[in-house]
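Okay, structure first, notes after.
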Amino acid sequence: MSFNPAPYLDAMTGGNKDLEGPLFRAMIRACQLVGRVYIATVVDTGAIAGLALCFPPGKVLWQNDVQRNLGFNQFLESVSSKTREWWINTYGSALAPFMKTALSPHTVESSWYLNCLCVDPKYQLQGIATNLIKMVEQQAMTTSILALCTDTDANVAVYKALYFQYKGEAPLPTPKDEYINVHCFTKPGARV
Numbered sequence: 001m002s003f004n005p006a007p008y009l010d011a012m013t014g015g016n017k018d019l020e021g022p023l024f025r026a027m028i029r030a031c032q033l034v035g036r037v038y039i040a041t042v043v044d045t046g047a048i049a050g051l052a053l054c055f056p057p058g059k060v061l062w063q064n065d066v067q068r069n070l071g072f073n074q075f076l077e078s079v080s081s082k083t084r085e086w087w088i089n090t091y092g093s094a095l096a097p098f099m100k101t102a103l104s105p106h107t108v109e110s111s112w113y114l115n116c117l118c119v120d121p122k123y124q125l126q127g128i129a130t131n132l133i134k135m136v137e138q139q140a141m142t143t144s145i146l147a148l149c150t151d152t153d154a155n156v157a158v159y160k161a162l163y164f165q166y167k168g169e170a171p172l173p174t175p176k177d178e179y180i181n182v183h184c185f186t187k188p189g190a191r192v
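Per UniProt numbering, the sequence shown starts with residue 1, numbered consecutively.
Right under this line is the structure:
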């Protein structure tokens with residue numbers, strides 16, 4: 001829930017902090033195309049304090065060439081060969097079975113999926129993440145479930161406090177031949 005390094009972010013960039021910006025920009029551009037981008041700004045300065053990236057049912061991050069050409073392909077060319085191999089051969093195939101089980105009877109494709117929620121460390125603990133979640137819920141909860149994954153114990157506690165249902169965890173191999181725990185949460189909508 002912050003711009004600070006997290007295990008997931010470290011895996012996605014292969015530990016290269018210079019690639020965090022290009023990764024986030026690629027995610028934001030793809031989400032602008034087919035999802036919803038929620039931004040919290042500082043009133044006095046206009047600085048971005050936090051953002052949430054959410055995809056509606058039927059849409060998934062980087063599901064097609066149009067989305068991938070908005071920065072992801074360029075990002076992928078910049079990562080180490082080991083990290084690129086992880087993205088291509090491990091990430092999706094390792095996560096998909098867990099997500100299928102955790103979300104059952106729903107799927108990522110039938111859910112609103114909160115792909116990213118982050119708050120600049122200068123503005124954390126001021127209710128920004130909570131308010132961003134509420135904005136996402138207003139859209140998502142009318143028709144479907146809201147689903148998300150996270151990777152830290154601190155974030156697990158936050159989502160539990162926000163009344164998300166814990167659906168389980170699974171180990172995800174990283175490009176560094178380590179494992180991170182991926183935790184899945186859902187919150188049912190009005191029609192579910």
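Every residue, glycine too, gets a C-beta built ideally from N, C-alpha and C.
Outcome for residue i when other beta-carbon atoms lying within 10 angstroms are tallied against a minimum of 16
i	result
Val79	buried
Asp18	exposed
Asp10	buried
Pro171	exposed
Within 9 Å, strictly: CB atoms of residue i and residue j
i	j	result
Lys134	Gln165	no
Gly50	Cys118	yes
Asn131	Ala40	yes
Cys35	Asn89	A small correction: the amino acid at residue 35 is Gly; Cys does not occupy that position in the sequence shown. No, the pair does not count as a contact, with Cβ atoms beyond the cut-off.
Leu70	Leu125	no
Gly21	Thr83	no
Tyr8	Ile180	yes
Pro173	Ala96	no
Pro175	Glu109	no
Nearest neighbour of residue i, chosen from the options [CA to CA]
i	options	result
Gln138	Gly127, Gln126, Trp112	Trp112
Phe98	Asp10, Leu9, Val182, Pro7	Val182
His106	Asp151, Gly58, Thr174, Arg25	Gly58
Tyr163	Gln74, Leu146, Ser110	Leu146
Gly168	Ile28, Ala47, Thr174, Ser104	Ser104
Ala52	Asp153, Arg25, Thr152	Arg25
Beta-bridge pairing of residue i - partner residues as DSSP gives them
i	result
Gly50	Ala40, Val119
Trp112	Leu146
Ile28	Per DSSP, none; premise fails for Ile28.
Checklist entry - Touching or not, the region 62-69 and the region 145-162, by the rule of three or more beta carbon pairs under 8 Å? => result no
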